[in-house]
Amino acid sequence: MGFMPLRKKMPDCGSTTQQLNQRMLQLQALYRIAVATASTMKPTEIMRLVLDEVVRWTEAVAAVVYFYDQQRDRLVPRLTYGRAIESSLLPAQEEDGLVTEVAHHGKLTQTPFVLRPARAKQQRFWRITIPLVSGDETTGVIDLVAERSKRFEPETEEFLSTLASQAAQVLRNALIYEELEQHYREISLLYEIQQEIASTLDYNSVLQLIVHRTKQIMNASECTIRLLVEHDGKPYIRVVASSGKDFIGPEEVPLEESQVDQPVIGGEMIYIEDVRTDPKFRWREEAKRAGVVSMVCAPLVARRRTIGTIRLYTAERREFDLSERKILSAIAGQAAQAIENARLYHTIEEQNRQLLRSYEELRNTQKELLRKERLAALGEMAATVAHEIRNPLTSIRGFAQRIQRRYAHVADERLAEYTGIIMEEVDRLNKFIKDVLDFARHAKPNFERTNLNTVIADVLALLRDDFARKEITILPDLAPNLQETVCDRMQMRQAFINLLQNARQAVSRGGMILIRTQNLNGYVRVRIADNGCGIPRDILQKIWSPFFTTKTHGTGLGLALVQRIVDDHHGRITIRSKEGRGTIVTLLFPVVENEDRLLSRTADSSDSSS
């Protein structure tokens with residue numbers, strides 16, 4: 055009995071060759087991806103290369119690539135293939151159930167894809183959803199649809215999983231690189247803005263620099279800074295800087311009335327997706343007119359104290375992801391410190407100015423005290439000297455008159471001339487003594503309600519002939535409704551006489567003198583202007599000094615007396631002059647009802663100036 059030998063089943067050479075070719079094509083695809091991804095570190099470009107290979111291998115008609123957004127904790131569609139997203143075969147929404155499920159369990163899934171009934175009879179599709187898993191992390195999902203009547207083969211699933219695993223590792227590295235690049239950009243931007251802010255300590259410049267650079271860095275449409283202020287112990291929030299011409303809402307509101315700023319002052323960062331409709335945002339109509347939509351508001355914290363808020367507005371709906379909020383928070387920290395430094399510098403600068411003003415006032419007070427002491431000593435000396443001089447002068451003049459009368463019949467012209475000169479010089483000395491005594495006496499003003507127009511009119515009538523002899527034109531411009539004030543009429547009369555006589559002496563024959571009165575913010579202003587020779591600059595600083603004069607005949611007490619009269623009336627006097635052009639003297643006297651009011655007003659102005 056023999057045995058029939060068993061026939062050994064030989065392998066199908068055609069099938070083996072096909073499998074080898076298929077494997078070769080897969081390896082070539084993996085190699086192409088490896089080579090291509092080595093040339094870029096941009097996640098979107100990497101996944102575009104991967105998607106092209108997947109579509110080529112599966113003959114997909116539509117596909118969507120989702121990236122996992124760690125900051126928002128959701129899958130976000132980043133790339134598509136085939137028909138537009140809104141009309142594609144795939145639901146490219148962020149919360150697609152199957153995509154989310156595959157991302158969680160990390161396994162490739164195939165499902166039949168059902169079309170609308172009208173087309174179901176004509177075509178059949180399969181959907182394959184591939185997770186991009188690197189280690190224990192899902193970095194994304196590829197979701198695609200291919201036109202076919204049955205599932206993809208296990209070999210195809212294996213290849214797609216291998217390709218996805220390789221792509222996931224490359225994608226993870228690219229995302230890490232992108233994140234590091236983002237951090238580098240953030241640090242660079244923060245360093246840049248910190249350098250710019252530190253370049254100035256001017257308060258307003260710091261505020262404007264912050265709003266404009268923050269708006270630019272954050273790609274916003276508007277940026278405003280609001281700082282805490284207090285009125286009667288109640289906190290308010292006040293807009294102190296804006297990147298635009300206008301800002302949304304009022305300039306200042308009580309903190310308790312702002313539902314946005316209240317929690318931010320407490321340390322929170324507030325985000326409003328649409329300020330045009332959100333009830334927390336009070337100024338919705340203003341936001342519509344300004345064309346802003348989303349808003350984020352961060353606290354300004356300096357030295358562990360919230361000093362205000364910084365707001366960003368955008369012209370479109372925007373979410374402000376975690377990295378953007380971190381940048382804004384860092385900018386807000388730098389801005390708060392810069393604002394506090396600028397405030398401190400501004401405060402020190404203002405205190406320094408006040409100190410300099412106080413020092414200047416003290417120096418002027420000391421100079422004034424020394425001047426008054428000198429004048430007092432001069433007055434005492436002048437009274438004694440004048441008394442001693444007057445008696446001999448009286449004798450000299452008397453004897454000169456007797457000689458003139460006794461020898462009047464003698465035809466001696468020189469004798470008459472000499473005695474005339476003696477009497478003129480004695481009269482001049484007597485006038486000088488009288489002026490010195492009047493200046494030294496310093497009579498207290500006798501205040502009464504007066505309209506200065508009447509005083510000026512009297513003076514002009516008194517001096518009319520003097521001006522006419524020199525052909526000088528007087529141009530009075532007296533305000534018809536000039537307010538009354540309290541003054542000593544005789545002292546005012548003397549002051550205007552002195553000033554007008556000085557102007558007359560400075561003006562050439564045929565010149566002009568203008569005298570004008572007007573009401574000016576609680577003061578009566580008197581201005582005397584001439585087109586005379588003017589006063590040299592070096593002399594202008596000395597004209598108020600007693601006994602200083604540039605005239606051959608004169609005591610040098612005229613302007614010193616005017617200055618004293620103005621001071622006694624708590625007024626002000628200034629002189630502007632230009633050589634060859636003329637001089638303008640301006641006097642200001644406060645408008646008050648009585649002497650008590652004059653003194654109280656002066657005390658108030660002294661307190662405010664200090």
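Letter by letter, the sequence shown follows residues 55 to 664 of the working numbering.
We put the beta carbon where it would ideally sit given N, CA and C, even for glycine.
This structure is a prediction, so every number in the text was calculated from the model and none was measured.
Collapsed DSSP secondary structure at residue i in the structure displayed
i, result
"Gln595", "coil"
"Ala116", "strand"
"Glu99", "helix"
"Pro446", "helix"
"Ser219", "helix"
"Ser631", "strand"
"Leu105", "helix"
"Phe643", "strand"
"Ile487", "helix"
"Tyr135", "strand"
"Thr419", "helix"
"Arg372", "coil"
"Arg357", "coil"
"Ile385", "helix"
"Phe121", "strand"
"Tyr367", "strand"
"Ala583", "strand"
Selection from the options that minimises the alpha carbon distance to residue i
i, options, result
"Arg397", "Pro208, Pro590, Gln249, Val260", "Val260"
"Asp531", "Ile567, Arg523, Glu525", "Ile567"
"Ile548", "Leu133, Pro499, Arg503", "Note that residue 548 is Gln in the sequence shown here, rather than Ile. Closest by alpha carbon: Pro499."
"Phe521", "Leu613, Gly565, Ile271", "Gly565"
"Asp519", "Arg558, Arg495, Ser377, Arg358", "Arg558"
"Thr98", "Val118, Glu113, Leu469, Arg110", "Val118"
"Thr112", "Glu207, Asp127, Glu155, Ser188", "Glu207"
"Arg132", "Cys541, Asn418, Val195", "Val195"
"Arg371", "Gly387, Ile326, Glu442, Arg407", "Ile326"
"Thr571", "Arg456, Val265, Phe550", "Phe550"
"Thr368", "Ala344, Gly362, Val355, Ala389", "Ala344"
"Thr640", "Val580, Lys380, Cys541", "Val580"
"Val265", "Arg239, Asp286, Leu517, Val293", "Val293"
"Pro534", "Gly576, Glu478, Ile302, Thr508", "Thr508"
"Ala252", "Tyr399, Leu354, Ser297, Arg110", "Tyr399"
"Thr539", "Asp512, Gly576, Ala511", "Gly576"
"Ser203", "Glu394, Ser188, Phe179, Ile184", "Phe179"
"Leu354", "Phe335, Glu394, Arg267", "Glu394"
Straight-line gap, residue i to residue j (C-alpha atoms, nearest Å)
i, j, result
"Arg592", "Lys632", "The sequence shown places Asp at residue 592, not Arg. Cα-Cα distance, rounded: 12 Å."
"Ala431", "Tyr472", "36 Å"
"Ile569", "Ile528", "8 Å"
"Leu409", "Val283", "26 Å"
"Ala583", "Thr603", "20 Å"
"Trp598", "Leu642", "17 Å"
"Leu554", "Met544", "15 Å"
"Thr637", "Phe493", "25 Å"
"Ser312", "Trp337", "10 Å"
"Pro333", "Val350", "15 Å"
"Val646", "Asn556", "29 Å"
"Ala274", "Ala352", "14 Å"
"Gln391", "Glu373", "27 Å"
"Ile241", "Glu233", "12 Å"
"Glu212", "Lys96", "26 Å"
"Lys524", "Leu517", "11 Å"
C-beta atoms of residue i and residue j nearer than 8 Å
i, j, result
"Ala222", "Ile100", "no"
"Val347", "Val318", "no"
"Ala157", "Tyr122", "yes"
"Val153", "Leu129", "yes"
"Leu483", "Leu514", "no"
"Ile291", "Ile364", "no"
"Leu244", "Ala384", "yes"
"Glu201", "Val115", "yes"
"Gly586", "Val620", "no"
"Lys288", "Pro308", "yes"
"Pro600", "His624", "no"
"Ile450", "Val490", "no"
"Asn552", "Gly474", "no"
"Arg104", "Leu214", "In the sequence under discussion, the amino acid at residue 104 is Val, which differs from the Arg named in the question. Result no, Cβ atoms of Val104 and Leu214 do not sit closer than 8 Å."
"Val578", "Leu506", "yes"
"Thr192", "Gly151", "no"
"Ala454", "Ile487", "no"
Residue i CB to nearest heavy atom of the ligand GDP below 7 Å
i, result
"Lys605", "Within the structure as shown, the ligand GDP is missing, as the structure has no ligands at all."
TODO: Please list the segments of the beta strand (DSSP E) lying wholly inside the stretch 273-349, counting only runs of 3 or more residues, in order along the chain.
DONE: Every unbroken stretch of the beta strand (DSSP E) spanning 3 or more residues and falling wholly within the stretch 273-349 is given here in chain order: 276-285, 288-296, 306-308, 324-326.
Task: Those runs of the beta strand (DSSP E) which lie wholly inside the stretch 524-577 and span at least 3 residues - done: Listed in chain order, the complete beta strand (DSSP E) runs (minimum 3 residues) inside the stretch 524-577 are 527-531, 539-541, 566-574.
Open item on the list: Runs of 3 residues minimum, wholly inside the stretch 175-210: which ones carry the beta strand (DSSP E) assignment?
Closed with: Whole beta strand (DSSP E) segments, 3+ residues: 179-188, 191-201.
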